[in-house]
Every structure is written in C-alpha cells, then in structure tokens.
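Residue numbers (my numbering): 118 to 306.
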Ligand SMILES: Cc1cc2nc3c(=O)[nH]c(=O)nc-3n(C[C@H](O)[C@H](O)[C@H](O)COP(=O)(O)O)c2cc1C
C-alpha cells in the first residue's frame, strides 16, 4: 500500500511542507510513503490539444508530468499540500494536474465525466498569509482548498480531512494544536 505526498509549495521547509510532514508522521506503518516536491519537477505546459481525452496519455514528449501521473494512478492514497497563491493552488501543482486529466477522470461517449480514482483516500493541506477570518471570507485559503477539492471530486477521491493554516505572515510558527491535528488526520489512512 502506497501513499503519495505532493508538496505543491516551492519551499521545502515552509508551512505547507511541515504540516505535510506531520500528516505523514501519523500514517499507519502498513503504508509506504513517497514524497514529491512538485517544484522540482520538469513539466512542459499543457497545450490544450485535448488529445488526452477521453483516455490517452499526454502526447507531449515524456517528462515528469507523465512519470508523476503514473504514480498518482498507482497510489492507494494522496496527500496534497499547496500554499494559497492568488486564492488558488500553486501554479506548478495546477500544471501537474492539467497534464494528467485522464488519470483523474474519464469521459463517457456523451461527454459525461466519471471518476478514475473512486474511493481512494485523500487529504488537503494549505497555508496562507491572510489571517482568520479573512482567509475564509475573502476566499484566500478557501479558494485554494476549493480548487484542489474540485480535482479530487472529479477523481472520486474520499476526502479524509483538510488542514488550513491562515495568518502565516504574522504567525509564522505552526501551532502545536494544528501539528497534532495533522498527525491525527494522517492516522485516518
Ligand atoms: C505568488 C504568491 C501568491 C500568494 N497569494 C496569496 C493569496 O492569494 N492569499 C494569501 O492569503 N496569501 C497568499 N500568499 C502567501 C502564501 O500563501 C503564504 O506565505 C503561505 O504561508 C506560504 O506557504 P509555504 O511557506 O508553505 O509556501 C501568496 C504567496 C505567493 C508567493
């Protein structure tokens, strides 16, 4: 059994990365965990040729987009971390998913989507500089969570929980309470 961690932050030791580490700390021993720093990947942008629909690997020359797409397909669970960038997920994380639409969902002949990863467990982690309750009211972290959730929803993933750390500018230190909550969430896999 394997869980894939996608750190969508350019920072390898930032808030998102450290929350992800706490989620991983809680994961039961039966799982093997693979960690990917998404900003280290070399991924060409999606050219929107739509040739991957409904069921073909991306036709661009082989790059890390293909390799990680296969890993997402084979993983038994997913932990996705992203900083909030412009009220959304980070650009490189979105690019990874843009390049892997058919890994997440299929399309019936009538164009209706269907999930390709049905029932697999997933966790979402985000951090943002906007303090509570602005992070929610102004759709800062709420925007990032919504965007990742959109993809996971189409994949049919079962969301075990979400970790949100607002206000990182004035409070760069992660609270013990949130680290504990993250570990507890990891134990739900
Ligand atoms: C390009 C960019 C865009 C950002 N956009 C937002 C935003 O829309 N809302 C917000 O509250 N914080 C925003 N931030 C701040 C980050 O979300 C915040 O610093 C977060 O804690 C970074 O997490 P990390 O240390 O794990 O990368 C942005 C930061 C960058 C670099």
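Glycine is no exception: its CB is placed at the ideal position from the N, C-alpha and C atoms.
Leaving out the 5 sequence neighbours to the left and right, which residues in its chain are closer than 8 Å to residue i when beta-carbon positions are compared?
| i | result |
| --- | --- |
| residue 136 | 198, 242, 244, 280, 282, 291, 295, 296 and 299 |
| residue 256 | 204 and 263 |
| residue 164 | 177 |
In chain order, what residues of the same chain lie with their CB nearer than 7 Å to the CB of residue i, ignoring the 5 residues before and after it?
| i | result |
| --- | --- |
| residue 232 | 222, 271, 272 and 273 |
| residue 168 | 176 |
Give the range of the beta strand (DSSP E) segment to which residue i is assigned.
| i | result |
| --- | --- |
| residue 279 | 275-282 |
| residue 119 | 119-124 |
| residue 236 | Neither: residue 236 is in no beta strand (DSSP E) and is coded neither H nor E. |
| residue 194 | 194-200 |
Of all Cβ atoms in chain C, is any one closer than 8 Å to the Cβ of residue i?
| i | result |
| --- | --- |
| residue 124 | Judged by its chain identifiers, the structure shown contains no chain C, having just a single protein chain. |
Considering residue i, what are the terminal residues of the alpha helix (DSSP H) in which it resides?
| i | result |
| --- | --- |
| residue 191 | 181-191 |
| residue 132 | 132-143 |
| residue 230 | Where residue 230 is concerned, there is no enclosing alpha helix (DSSP H), although the beta strand (DSSP E) it sits in stretches over 230-232. |
| residue 264 | 258-272 |
| residue 210 | 208-215 |
| residue 164 | Here residue 164 belongs to no alpha helix (DSSP H), and DSSP marks it neither H nor E. |
| residue 221 | 218-221 |
Since residue i contacts residue j with CB under 8 Å, what's their CB separation in whole angstroms?
| i | j | result |
| --- | --- | --- |
| residue 181 | residue 147 | About 28 Å; that fails the 8 Å criterion. |
| residue 288 | residue 224 | With 8 Å as the limit, residue 288 and residue 224 do not qualify as a contact, their Cβ atoms being about 44 Å apart. |
| residue 302 | residue 195 | Rounded, the Cβ-Cβ distance is 13 Å, inconsistent with contact. |
| residue 123 | residue 153 | 6 Å |
By Cβ distance below 6 Å, which residues in the same chain neighbour residue i in space, the five residues on each side in sequence not counted?
| i | result |
| --- | --- |
| residue 149 | 119 |
| residue 258 | 201, 243, 245, 252, 281 and 283 |
| residue 286 | 246 |
For the segment 177-193 against the segment 212-220, do three or more pairs of beta-carbon atoms, one drawn from each stretch, fall closer than 8 Å, so that the two count as touching?
Touching, yes.
Flag this pair as touching only if the segment 207-216 and the segment 125-132 have three or more C-beta atom pairs under 8 Å; answer yes or no.
Taking a cut-off of 8 Å on C-beta distances, the segment 207-216 touches the segment 125-132, as three or more cross pairs fall below it.
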